[in-house]
Every structure is written in structure tokens, then in C-alpha cells.
Amino acid sequence: MSLVLVLVSLASVLAQPTTLSGGAPTPTILSPPSQPSSTGTIGGFEIIGNSLVSAQQMFLGTLDKVFILDKVENNEARIDGHPAWASEYALGENTARTMNAVTNTFCAGGTVMGNGTWINIGGNSGVTYGGDTADDQSGGGPYDDPDGGKSIRTLVPCDDNSCDWIVAKSMTSRRWYPTVETLQDGTAIIIGGCNNGGYVNDAGQDNPTYEFYPSTGTPITSPFLADNLPINLYPLTFLLPSGRLLMQANRATIMLDPKTHKEYQLDDIPDAVRAYPASAGSIMLPLTPANNWTATVLFCGGADNDDWSQDWDIASFPASTSCVRITPDKSKSYTKDDAMLEGRSMANLIALPDGRVLCVNGARTGTAGYGNQSWAIGMSYADNPVLTPAIYDPAQPAGARWSRTGLQASTIPRMYHSSATLLADGAVLIAGSNPNSDLNIGPKIKYPTEYRVERFYPSYYNARRPQPTGLLSALGYGGPAFDVQLDADDLGGDAHNAANASVVIIRTGFSTHGMNMGQRFLQLDSTYTAYEANNSATLHVSQVPPNPAILAPGPALLFVVVGGVPSVGVQVMIGSGRLGTQTISAIGDLPESSFLSASSADGTGGAQANGALSMARGQQLFGPLGLVVGLVLGARTLFDFAL
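The sequence shown runs -15 to -1, 1 to 628 under mature numbering (1 follows the signal peptide of the UniProt record, and there is no 0).
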């Protein structure tokens, strides 16, 4: 069959409705990812633009657009005649446009739901100059910012500058500093918060409850939240493969069953307070076939403090160096991990596609928060910013996990109200920092309102990236495997490098206050067939494990990593693309990994086997559609080899 005829047949088949047995929307074959559009200084930072509003909250919404939320303040950037407190940052052009978040998003929470809609939850009262509470809470001068304490704002990200925030619903109670986590059905749980705010929580304004969005009824009281005043704001929360939620606040830890509402007591966290305002970095470590996708959560830094009054010099109090980890579906106890290279509060821990973790932002002394106390640094409750990042490698043995070899310092302090997120090209975007009650800029301000946006370039950034073919736009929970093709350039000219190839999915999360809510790293199971004849390979890749609690449904980035170098990520939909119970299918079988030497076939043996395998496995995965796609991939393989 000619390649032209194959393409005509493909167009005909694409017009027919098909489904994926694993429950995902019908996938398409994505174009191979390209190389990054530029290079960067490895291990260093580059100031690339202006965010228009300070990035207190930030997330990657599309491959090109990052969405930013601030608290209401007197930003120079305007929208509809008042200061803006939301923006969209275009990565390709390094430009920003203002957006209208409608109500005050000060210290809100957020996540992406299973249908791809982002939500931003809660906030605080409308304010006037200096951050003081406004007399009119329905909007009006000078900032035109209605009360956001009960707000649920939604956004469907776009690339054409047409999207904006919508206040979709109101909660039944106010939530300032709530945590939000996506559940296995793609809905969200909204946890905790307080009515009006302060440095820490207190019984007079506590909201020790959780609820769901879309709403399932009256909020449910959590004894765990009620018992852990005053440090129960922004409780550190992770969906576990068991379907339970790990929750950590003050020094206490539980697992919560969101279906039965039962709380299971775990051991107290040692060494330091980790939740806001101690604000340790926290992250779920990579879920991989090697660890059977078992969740281990790492906490690093914070403050070993039990006096949360404001009548002493908090800004000089040393941050903790302690790191601890827990595997809550297997054990109720924490274990000590390697200490950080220096104490940090307000650090962001960012999952990189090579399996390592970037630690960036934060301060050596003090905590989150600001105020007018005499000991404050301006208004900041922290001092001595940590400008040099560090790398944590969970694959290294104990005692060798932290390093900063080859890493350079930023010139911008990033402390309270800063944020960071992974980008599709594998760089990390860093923005924000604003320990001030209102806009505060000028040459004599030590920690001003910060608008500068930076990129950080990990060690792999300038390497030639894999450009795999056969990547799917959607993945289900279980179902038949699919094939991904790597050519000689992708494998560095050596087919043996297929043994060091993997396919990983990362939910980049909603970044605020040292957290990336919903961040997750999952490695898919895979095997390979490598061909010495042309130094190419086929990766045989499983769908997502058949348990949505391992990786919640919704959009995510997919990377193919070869020898520690990731492709540019593509955006894929995990699950059905809808809210509700996800379809679960048996996981498809993978062939054993194999290496076909040149002597095992004639000069085109590798290409012929590669093409035939694409056709056969395409038929297995998608029936007629897969057969045609497989024919195209197979024909391309033969054609490329002939050239």
C-alpha cells in the first residue's frame, strides 16, 4: 500500500467514532515534540519578563500559557478601570495580559479537575489602600474587589487570549488558606481555612471542615483540623493510591477517607512544624513500576517552633534543615531522610521529568507572613533568602541525595508569596514574592512586590531532546499498550540506550505558599524492542495503572526520557475527560524487552520489524484506526530507513 493511500484510508477511518477501552476519550496521534526554541545557562536563572501582577499563585494551563493570581493590591496594570490581580503569561513571547479574577483571591487554593477546568477557591474580604478591609464588600473604589471568601472561580485555559475567570459558585462558608486536592473521580475536595485571617488561625475564626466541588451537601467537620490550632491553615494534603488522603498540619498527621469521613491517626511529624506559616517544602516522590506505584511523601524544612505569637523576632528564627518521609499506605511512621544543605522555609519542591526534585525559593530564617512589628524586615517575617537552588535525587543512596553541583544563584529573593512550576520544555518558571500588605516597590525596599519572571534551566536543558512518534493525546486507566518510536538520533546513535528510556507523566500542580497542590510524577510501565540495524527502538508502553487514585484524571504533561534527557512534554488527558467514576480496564500485556542485532536480519531487518510491530500493535490498540496509524508509522519507518 502506498503512503498516499494509507493517508487517504486514515482520513476515512478518522471520520468514524471510536472509543478506548480504558475509558479515555478517543486519542489521536500527536505530532512529535520539537526541540526547545532556545538554549539556557545550565544550572542558572534567566529573567525573561514581567508578570504584571505578583505571582502569589501560579499554574501551567496550556503548553504556552501560565496563569497567575495575586492578592488585590494597587498594581499599575489595570483591567476594567481598576488594578488587576490576575494575569496570563505567554511563554513563547514572554508577554503578559491582565485578566479579571472578579473577587479577592488573597491566599486562595486551587487545582485542575478531571475535565480540564481549573478552580480557584476562597480568598479574603475586599480591601482598600494598605490592605485594610474595605467598607463596601460588594465592590467599588478604589480597587473594585468584592469579597472572595466564599468564591469558587473557574477557568478553562486557552491559547487565543479569549478565556477569563468566572465566579461559578459560592461556598456556604468562608475559606482563607484552604487546600484543594483533585480526587480519583476528577472532582475536588476543599479543606480547611479560616474566616478572615491573621498570622495563624484561632478558634474564633476557624473553619475546621471540608467540602466537595461540585457540592455534595453540607461541609463535614474534621476533628483533625479542629484539634490542630493554630497551625491548621493550608494543611499539606496528598491523594494516596488507597483513595485516602494524607493530611499534615501542626505536628499531627492523619489519613482521611473522603467517602466514609473516617480519620486514621498516624505518627506526629518529627523535628519541625511543616504546614503554613512554617511552610516546609513537600512533594510526593515518583510513583514508578519499580516501587509498584507506592506513594512516599517527602517534607523538608519548616520551623521547629511552638510559639506562634508575634511578640518576638520571628524573622531571625532559623529554619529547619530536617527532611522526613512517610509511606502512609504501608506505615504510620516517618523516617529520617538526608538533611537539606541549609535550613529553608517557603521552599518549592518541583518534580523534574528525569525523576529528580528541584528545591528552589525560600529563606534561611523566619517564616511566611508579614506585619508591622518592629522586628519585621520591612514587613517581612523572613530574612536571609536562599538564592541558590538544590537538587534532591531519590534514586541516590541515603547520605548522597542532596547536591548543588553546577547550580548558580538567582539575583531575586523569592520568599513569601512566591511560586514555581515545571514547564513543558523541562525548564522551571519562577515568579512572585511579596511580603507586603499592598504594592511596595522602590530602590530602598529590601523585599519589594516582585513582578520579574525567571526561568531555571536544569542540567538536561541544552541536550538534544528525544522526538518520539506515536504519542497519544489521551490515556486510560488500564487497557491495551501502545507503541512509541525512537530513532537513532533519539537514542544517541546506539540502540542499547533503549534500556534507559522511560515514559513519565507529570501533573505540575497549583503553586502557592511553597506548595504545588496536586503535583504528581508517574512513570508508565514499558518494555522495548531495539534494532541494531538502524539503532532505532520501539517502546511498548502501558496505559496508566488501573487505579485513578494513583494519578487523578485531568490534563498532564507526558515526557519520553532517554538517559536522563526528557523530550519536550506534550499535554495529554488522563481518564475520561469528564467528572465522575472513571472506567477501569485490565492492563494490557507487554512483550519482553529485546535487542535485535544486525546479524539477526538482513540490512533492513530492523526497519521491517519495527514497521511490522507498529502495524500489529496499532491493530491491537485501536482496531481499524490503530491499524491505519500503525501502517503510517510502519511505512514511515521503512521510508526513513531507505533514505
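Built from N, CA and C at the ideal position, the CB exists for glycine as well.
Just grab the DSSP bridge partners of TYR319 for me.
As a working note, residue 319 is residue 334 in the sequence shown. Beta-bridge pairing links TYR319 to ILE311.
Rank THR172, GLY464, THR493 by C-alpha distance to the C-alpha of PRO271 and give the top, closest one.
Position 286 of the sequence shown, counting from 1, holds the residue named residue 271. That would be THR493, whose Cα lies nearest to the Cα of PRO271.
Which whole-angstrom value is the C-beta distance of VAL57 and ARG138, which I expect to be below 8 Å?
Residue numbering aside, residue 57 sits at position 72 when the sequence shown is read from its first letter. Residue numbering aside, residue 138 sits at position 153 when the sequence shown is read from its first letter. No, VAL57 and ARG138 are not in contact; Cβ-Cβ is about 13 Å, not under 8 Å.
Pull up the distance between the alpha-carbon of ILE104 and that of SER72, whole angstroms please.
The sequence position of residue 104 within the sequence shown is 119, counting from 1. The sequence position of residue 72 within the sequence shown is 87, counting from 1. Their Cα atoms are separated by approximately 15 Å.
From GLN295 to THR352, what distance separates their C-alpha atoms?
Reading the sequence shown from its first residue, position 310 is the one you call residue 295. Reading the sequence shown from its first residue, position 367 is the one you call residue 352. Each residue's alpha carbon lies about 11 Å from the other.
When DSSP labels each residue in this structure, what does GLY133 get in the three-state scheme?
Reading the sequence shown from its first residue, position 148 is the one you call residue 133. Coil.
Could you tell me which residues DSSP puts in a beta bridge with ASP289?
Position 304 of the sequence shown, counted from the start, is the residue given in the question as residue 289. Answer is none; ASP289 lacks a bridge partner.
Rounded C-beta distance between PRO398 and TYR377? I'm assuming under 8 Å.
Here residue 398 corresponds to residue number 413 of the sequence shown, with the count starting at 1. Here residue 377 corresponds to residue number 392 of the sequence shown, with the count starting at 1. PRO398 to TYR377, Cβ: 22 Å. No contact.
Is HIS498 buried or exposed, if buried means 16 or more other CB atoms sit within 10 Å of its CB?
Position 513 of the sequence shown holds residue 498. It is buried - the Cβ of HIS498 has at least 16 other Cβ atoms within 10 Å.
Buried or exposed: GLU435, going by 16 or more other Cβ atoms within 10 Å of its Cβ?
Residue numbering aside, residue 435 sits at position 450 when the sequence shown is read from its first letter. The residue in question, GLU435, is buried, as its Cβ has 16 or more Cβ neighbours within 10 Å.
Of all the options MET240, PRO274, TYR249, ASN290, which has the alpha carbon lying nearest to the alpha carbon of TYR261?
Taking the first residue of the sequence shown as 1, we reach residue 261 at position 276. Nearest option by C-alpha distance: ASN290.
Skipping 5 residues on each side, what residues in its chain have a beta carbon closer than 8 Å to that of PHE302?
Locating residue 302 in the sequence shown gives position 317, counting from the first residue. Contacts found: ALA288, ASN290, THR350, GLY351, THR352.
Among ARG310, PRO226, SER264, which one has its Cα closest to the Cα of LEU251?
Start at 1 with the first residue of the sequence shown, and residue 251 comes out as number 266. Taking only the C-alpha atoms, the option nearest LEU251 is ARG310.
Flag this pair as yes or no: are the beta carbons of LEU456 and LEU543 separated by less than 9 Å?
In the sequence shown, counting from the first residue as 1, residue 456 sits at position 471. In the sequence shown, counting from the first residue as 1, residue 543 sits at position 558. Yes. Within cutoff.
What are the boundary residues of the alpha helix (DSSP H) that includes PHE302?
Numbered from its first residue, the sequence shown carries residue 302 at position 317. Taken as a continuous stretch (DSSP letters only), PHE302 belongs to no alpha helix (DSSP H), as it is neither H nor E.
Using the three-state DSSP reduction, which class does GLY115 fall into: helix, strand or coil?
Start at 1 with the first residue of the sequence shown, and residue 115 comes out as number 130. Helix.
Tell me where the beta strand (DSSP E) around ASP468 begins and ends.
Looking up residue 468 in the sequence shown gives position 483. That run of the beta strand (DSSP E) goes 467 to 471.
Might you give, ordered along the chain, the residues of its own chain that have their beta carbon closer than 7 Å to the beta carbon of ASP323, omitting 5 neighbours on each side?
Start at 1 with the first residue of the sequence shown, and residue 323 comes out as number 338. Hits under 7 Å: CYS308, ALA383, GLY384, ARG386, TRP387.
How would you call ASP475, buried or exposed, if buried means at least 16 neighbouring beta carbons within 10 angstroms?
Taking the sequence shown and counting its residues from 1, the one referred to as residue 475 is at position 490. The residue in question, ASP475, is buried, as its Cβ has 16 or more Cβ neighbours within 10 Å.
How many Å lie between ARG389 and THR26 at the Cα?
As a first step, residue 389 is located in the sequence shown; it is residue number 404 there, counting from the start. As a first step, residue 26 is located in the sequence shown; it is residue number 41 there, counting from the start. Cα to Cα, the separation comes out at about 15 Å.
The alpha helix (DSSP H) with ASP368 in it runs from where to where?
For the purposes of this step, residue 368 is taken as residue 383 along the sequence shown, with counting starting at 1. Looking at the DSSP string, ASP368 is not in any alpha helix (DSSP H); the run it does join, the beta strand (DSSP E), is 365 to 370.
With the cut-off set at 9 Å, would you say THR96 and VAL141 are in Cβ contact?
Numbered from its first residue, the sequence shown carries residue 96 at position 111. Numbered from its first residue, the sequence shown carries residue 141 at position 156. It is not a contact, given that the beta carbons lie outside the stated cut-off.
Report the three-state DSSP secondary structure of ALA583 (helix, strand or coil).
Taking the sequence shown and counting its residues from 1, the one referred to as residue 583 is at position 598. Residue state, collapsed to three classes: helix.
Could you give the distance in angstroms between the alpha-carbon of THR83 and the alpha-carbon of GLY46?
Locating residue 83 in the sequence shown gives position 98, where the first residue counts as 1. Locating residue 46 in the sequence shown gives position 61, where the first residue counts as 1. Roughly 15 Å between the two C-alpha positions.
Using the rule of at least 16 other Cβ atoms within 10 Å of the residue's Cβ for burial, across every protein chain shown, is THR172 buried or exposed?
Your numbering for residue 172 matches position 187 in the sequence shown. When all chains shown are included, THR172 counts as buried.
Strictly by DSSP, which residues pair up with ASP191?
The residue you call residue 191 lines up with position 206 of the sequence shown. DSSP output for ASP191 lists CYS179 as bridge partner(s).
By the three-class DSSP mapping on this structure, what secondary structure does ASN109 have?
As a first step, residue 109 must be located in the sequence shown, where it is residue number 124. ASN109: coil per DSSP, three-state reduction.
By alpha-carbon positions, which one of LYS135, TYR114, LEU224, MET156 ends up nearest to GLY126?
Within the sequence shown, the letter at position 141 stands for residue 126. Of the candidates LYS135, TYR114, LEU224, MET156, the one whose C-alpha sits nearest the C-alpha of GLY126 is TYR114.
Compare the Cα-Cα distances from LEU214 to each of ASN192, PRO226, THR203 and report the closest residue.
By one-based count along the sequence shown, residue 214 stands at place 229. Considering only alpha carbons, the answer is ASN192.
How many Å lie between LEU231 and THR222 at the Cα?
Within the sequence shown, numbered from 1, the residue matching residue 231 stands at position 246. Within the sequence shown, numbered from 1, the residue matching residue 222 stands at position 237. Cα to Cα, LEU231 sits roughly 5 Å from THR222.
Pick helix, strand or coil for PRO68, following the three-state DSSP scheme.
Locating residue 68 in the sequence shown gives position 83, counting from the first residue. Here PRO68 sits in strand by DSSP.
Anyone know if the C-beta pair for ALA583 and LEU224 falls short of 9 Å?
Taking the first residue of the sequence shown as position 1, residue 583 is located at position 598. Taking the first residue of the sequence shown as position 1, residue 224 is located at position 239. No. Outside cutoff.
Got a sec? Which residues, its chain only, sit under 6 Å from LEU606 by beta carbon, not counting five neighbours each side?
The count along the sequence shown starts at 1 and reaches residue 606 at position 621. With a pLDDT of only 44 at LEU606, under the threshold of 50, the placement of this residue in the model should not be trusted; the figure read from the coordinates follows. So the list reads PRO465, PHE467, once near-sequence residues are dropped.
In three-state DSSP terms, what is PHE91?
Within the sequence shown, the letter at position 106 stands for residue 91. The answer is coil: DSSP assigns PHE91 none of H, G, I, E or B.
For LYS321, count neighbouring C-beta atoms within 10 Å of its own C-beta (all shown protein chains included) and say buried if the count is 16 or more, exposed if not.
Along the sequence shown, one-based indexing puts residue 321 at 336. By the neighbour-count rule (16 or more Cβ atoms within 10 Å), LYS321 is not buried but exposed.
Check this for me: beta carbons of GLY554 and PRO18, under 9 Å apart or not?
As a position in the sequence shown, residue 554 is number 569, starting the count at 1. As a position in the sequence shown, residue 18 is number 33, starting the count at 1. Cβ atoms of GLY554 and PRO18: closer than 9 Å.
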